[in-house]
Amino acid sequence: MALRQLQLFTVLVFLGIAALVSADIECGSSVMFGAPWQPNNPYYIQEPAWKTHGNITRLHLFFNPESGCLLGVKPTYGSQPENARRLGIEKKADGTQLLEADLKLEQGESINKADFKFGKCITYLSLHTNTGRTLSVGNPQANGPLQTSVPDSDEGFLAYFKAYTNEPMGASITTGKLQQLQLIWGAKVCAPTIPALNPKQQQQQQQARDASVKR
Numbered sequence: 001m002a003l004r005q006l007q008l009f010t011v012l013v014f015l016g017i018a019a020l021v022s023a024d025i026e027c028g029s030s031v032m033f034g035a036p037w038q039p040n041n042p043y044y045i046q047e048p049a050w051k052t053h054g055n056i057t058r059l060h061l062f063f064n065p066e067s068g069c070l071l072g073v074k075p076t077y078g079s080q081p082e083n084a085r086r087l088g089i090e091k092k093a094d095g096t097q098l099l100e101a102d103l104k105l106e107q108g109e110s111i112n113k114a115d116f117k118f119g120k121c122i123t124y125l126s127l128h129t130n131t132g133r134t135l136s137v138g139n140p141q142a143n144g145p146l147q148t149s150v151p152d153s154d155e156g157f158l159a160y161f162k163a164y165t166n167e168p169m170g171a172s173i174t175t176g177k178l179q180q181l182q183l184i185w186g187a188k189v190c191a192p193t194i195p196a197l198n199p200k201q202q203q204q205q206q207q208a209r210d211a212s213v214k215r
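Under this note's numbering, the final residue of the sequence shown carries the number 215; numbering is consecutive throughout.
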């Protein structure tokens, strides 16, 4: 009897952890933006890290002021630092550190809006959270139109990234410059939040229904 109870408890704990990690679903995406696409560029998808470890809790951006290009991003999925996943580079080929900007998200905080510019590379990226904080690198006055991406749900958040680099990323943090980036949004329910009607709106709605019935 005790063994069966232990097995049942183990199953419930496993299901609880699985629900905690994988309950959210994809809810829209940005365009793939950055340098002109090259057919031989390696392609990376971070969905498995999101599904396995949980939502983004910290994000690093690596920018080269000399070239004016975003060359790397490194989100951390879940609470453990070892679950950081790099896309692009953190340092130049000579070992010089790129300009780094990072944001550690607070409990309940998430990224829910992105503004960006691109041409020969990603020249500007600004990420906004639901608490009003911002993580930005690059030149907002760079050539090209400013584009914006948000989730398809009012309660959506940045779930994970897809990206192309100019060469395969190895263990070295100087190999595989970021070329193109795509933001994948997530949500618990992928539907816009419909605000509740106030009493006057409810009355107007009921009057419209009554008028429709009389016809």
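Positions of the beta carbon are idealized from the N, C-alpha and C atoms, including for glycine.
- Shown here for residue 85: same chain residues with a beta carbon closer than 8 angstroms to its own, the five before and five after excluded, namely 46, 49, 74, 75, 76 and 77 in chain order.
- Contact between the stretch 143-151 and the stretch 60-75 is not established, with fewer than three Cβ pairs separated by less than 8 angstroms.
- When secondary structure is reduced to three states using DSSP, residue 131 falls in the coil class, being assigned neither helix nor strand.
- Taking C-beta separations shorter than 6 angstroms and ignoring five residues to either side along the sequence, the partners of residue 174 in its chain run 89, 91 and 93, following chain order.
- By the neighbour-count criterion, in which a residue is buried when 16 or more other Cβ atoms sit within 10 angstroms of its Cβ, residue 176 is buried.
- For residue 23, the closest C-alpha among the options 97, 146 and 51 is that of 51.
- Pairing residue 183 with residue 161 gives a Cβ-Cβ distance under 8 angstroms.
- Within the DSSP bridge table, the entry for residue 184 names 29 and 160 as partners.
- For residue 104 against residue 58, the beta-carbon gap comes to about 5 angstroms, under 8 angstroms, which counts as contact.
- Under the DSSP definition of a beta bridge, residue 174 lacks any partner.
- About 27 angstroms separates the beta carbon of residue 117 from that of residue 155, a gap too long to meet the 8 angstroms contact definition.
- Taking the Cβ atoms as the reference, residue 185 lies roughly 6 angstroms from residue 159, within the contact range of under 8 angstroms.
- Counting the other CB atoms within 10 Å of its CB gives residue 55 a total of 16 or more, which places it among the buried residues.
- As for any beta strand (DSSP E) of minimum length 3 sitting wholly inside the stretch 32-114, the runs are 43-45, 56-64, 69-77 and 99-104, ordered along the chain.
- Straight-line measurement puts the Cα of residue 100 at about 17 angstroms from the Cα of residue 181.
- Nearest neighbour of residue 131 by Cα position, chosen from 125, 165, 98 and 108, turns out to be 108.
- In the three-state reduction of the DSSP assignment, residue 153 falls in the coil class.
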